[in-house]
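Here is the structure we will look at.
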Amino acid sequence: MKVIPIYASAGITGFESPAAEYLQQSLNLDEILIDHPSATLIVQAKGDSMQGVGIFDGDILVVDRHLTVKNLDVVVACFNGEFVCKILDVNNRILLSANSDNEPVPITSNEMFTLEGVVSKSIRCHCPSNIFS
72 MKVIPIYASA GITGFESPAA EYLQQSLNLD EILIDHPSAT LIVQAKGDSM
122 QGVGIFDGDI LVVDRHLTVK NLDVVVACFN GEFVCKILDV NNRILLSANS
172 DNEPVPITSN EMFTLEGVVS KSIRCHCPSN IFS
């Protein structure tokens with residue numbers, strides 16, 4: 072894929088013609104988005120519990136299983152048989168939402184909990200995609 076880089080700053084009503092200084096360079100989205108290909112999952116976010124960190128319903132999440140989870144990382148986990156995207160409070164063993172409408176959820180010894188990976192990137196599609204249909 073070839074790309075014509077166009078840079079526009081917020082608040083500017085116009086920008087220079089893309090043909091003014093035509094520069095063609097190759098672009099590989101895998102190189103930009105995926106650091107560890109053999110340890111990466113691509114999943115789709117559902118719901119509004121992570122809006123406070125910029126993850127919205129329908130966003131695509133790049134989940135890296137190679138990364139070591141740190142306190143308050145955004146993660147994808149399997150919690151009691153359901154896949155969830157939450158902020159993981161490692162120190163207190165709590166799943167936190169980034170939406171004040173949702174209560175923190177403690178991870179007790181009675182819970183089934185499996186960490187799937189750290190969300191390293193998220194992608195927002197502005198036109199509907201049927202890739203996850």
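Yeah, the sequence shown ends on 204 if you go by the working numbering, and it's all consecutive.
Beta carbons: idealized from backbone N, C-alpha and C, even for Gly.
Beta-carbon within less than 6 Å of residue i's beta-carbon, same chain only, minus the 5 sequence neighbours each way: which residues are those?
i: residue 166; result: 157, 176
i: residue 195; result: 130
i: residue 132; result: 114, 116, 190, 193
May I ask you to report which of helix, strand or coil DSSP gives residue i?
i: residue 114; result: strand
i: residue 101; result: helix
i: residue 190; result: strand
i: residue 108; result: helix
i: residue 124; result: helix
i: residue 203; result: coil
i: residue 165; result: strand
i: residue 198; result: coil
i: residue 130; result: coil
i: residue 176; result: strand
Could you round the C-beta distance between residue i and residue j to whole angstroms and report it? I think they count as a contact, below 8 Å.
i: residue 150; j: residue 203; result: Actually they do not touch by this definition, with Cβ atoms about 21 Å apart.
If I measure Cβ to Cβ from residue i and keep anything under 8 Å in the same chain, skipping five residues before and after, which residues do I get?
i: residue 152; result: 183
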